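Data block below; observations after.
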Amino acid sequence: MASSIVWQCLVALSLFSSAAYAYGYGYGYGYGQGNGYGGTGNDNGYGNGQLDPKFYEKSCPPLGIIVRVSMLKAVLTERRMGASLLRLFFHDCFVQGCDGSILLDDVPASNFTGEKTAFPNVNSVRGFEVIDDIKRNVEHVCPGVVSCADILALAAREGTVLLGGPSWAVPLGRRDSTTASLDGANSDLPGPALNLTELIQSFANKSLSPRDLTALSGAHTIGFSQCVFFRDHIYNDTNINPAFAAGLRRSCPAPAGSGDTNLTPLDAQTRFVFDNAYYPNLLARRGLLHSDQELFNGAAQDDLVRQYSADSALFFADFVAAMIKMGNITPLTGSAGEIRRNCRVVNSS
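Numbering (mature numbering (1 follows the signal peptide of the UniProt record, and there is no 0)) for the sequence shown: -24 to -1, 1 to 325.
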């Protein structure tokens, strides 16, 4: 049974890979084919001494292929999903660490409250069904072995690569939390109205540097934002291109509650391509969010924004290093936590 599923995965990978390149997803950054980027860290070179890209090498050899094929299917179905999974991973890691807590549903019967209804997440974060699909596929081959937290980390990498971004070796070995924090999601996730000082402090609270902040923000080269998150920026800020603001106002009315969920691409020029176009946008004062434009507003990060704007390889390398650092925010390892059977509920449920 297992060998049959693995063979199907290999066949599907070949088919989906061909389709992906036909749709323009390749951009030369393959899966371990010489264009990946290494990170820096301690111990084994991946930051946390208990995490290792080879963690499942013996216990679940086809894991990488299964995640890759599932993500190919998801992105071919909806190109936006690559950005959604990357954002979901970020929102997981910034609350309790990279422990899969964001995947947990509310369970009123047991008085369990997850993080999905926190203001930064509600009606905003998405991709849970994709994680469910990957988990089911993995469980068929390697039951009770791979954590939801690790599946999310791998899915974020695959989503990045499928849209033209860099590849990297994902440190693995995280376990799943049995808790979640609604309060933590409301307090720890950096909001779109923060100024640069507040952004730097928010990232410092997670042991991430200003350089990490600026590199990770480059993920806004893909994805969309709702009107409610950039309305104040386009109507009240002065550090925005007037023509850019005027165009955005057509789909984001001024009155609160009017068009709140209307979507606008974070990078209108290459909305489905992971590149460095986010940074030239900032130079032109075309950052969609207030927090975006804060990175280029006459302060400490201006020079780095200029560097990333001129050098996509530098941005990719720093982005990978920052993703590996972020993926090492207080993971549960060893006997801590659990390996959830269903990513949406703890095993005792």
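Quick reminder that beta carbons are idealized off the backbone N, C-alpha and C, glycines included.
Since the model is a prediction, treat every value here as computed from it, not as a measurement.
- In the DSSP assignment, T240 is bridged to S201.
- The C-alpha of T306 lies about 17 Å from the C-alpha of I315.
- Taking a contact to require three or more Cβ pairs closer than 8 Å, the segment 215 to 226 and the segment 245 to 264 qualify as touching.
- For the pair of segments examined, the segment 127 to 147 was found not to touch the segment 237 to 245: the number of CB pairs separated by less than 8 Å stays below three.
- C319 and G303 have their C-alpha atoms some 18 Å from each other.
- Under the DSSP assignment, K49 falls in the alpha helix (DSSP H) whose first and last residues are 39 to 53.
- In the DSSP assignment, V137 falls within the unbroken alpha helix (DSSP H) covering 124 to 138.
- Counting only residues of its own chain and dropping the five nearest sequence neighbours on each side, N323 has a CB closer than 7 Å to the CB of E314, R316, R317.
- In the three-state reduction of the DSSP assignment, V296 falls in the helix class.
- CA-to-CA, the gap between R226 and V43 works out to about 39 Å.
- Counting along the chain, T173 sits inside the alpha helix (DSSP H) bounded by residues 172 to 180.
- By the Cβ rule, the segment 71 to 81 counts as touching the segment 141 to 155, because three or more pairs are nearer than 8 Å.
- Secondary structure in the segment 208 to 286: the alpha helix (DSSP H) runs of 4 residues or longer, each lying completely within the stretch, are 218 to 225, 254 to 259, 266 to 269, 278 to 286 in chain order.
- Between T190 and Y254, the gap from beta carbon to beta carbon reaches 8 Å or more.
- In this chain, the alpha helix (DSSP H) harbouring K111 covers 104 to 117.
- When DSSP reads this structure, L308 sits in a beta bridge with R151.
- Membership of L27 in any alpha helix (DSSP H) is not indicated, and neither H nor E is assigned to it by DSSP.
- By the Cβ neighbour-count rule, R112 is exposed, with fewer than 16 other Cβ atoms within 10 Å of its own.
- In the displayed model, F88 falls within a strand according to three-state DSSP.
- Going by C-alpha positions, L184 is about 13 Å away from E174.
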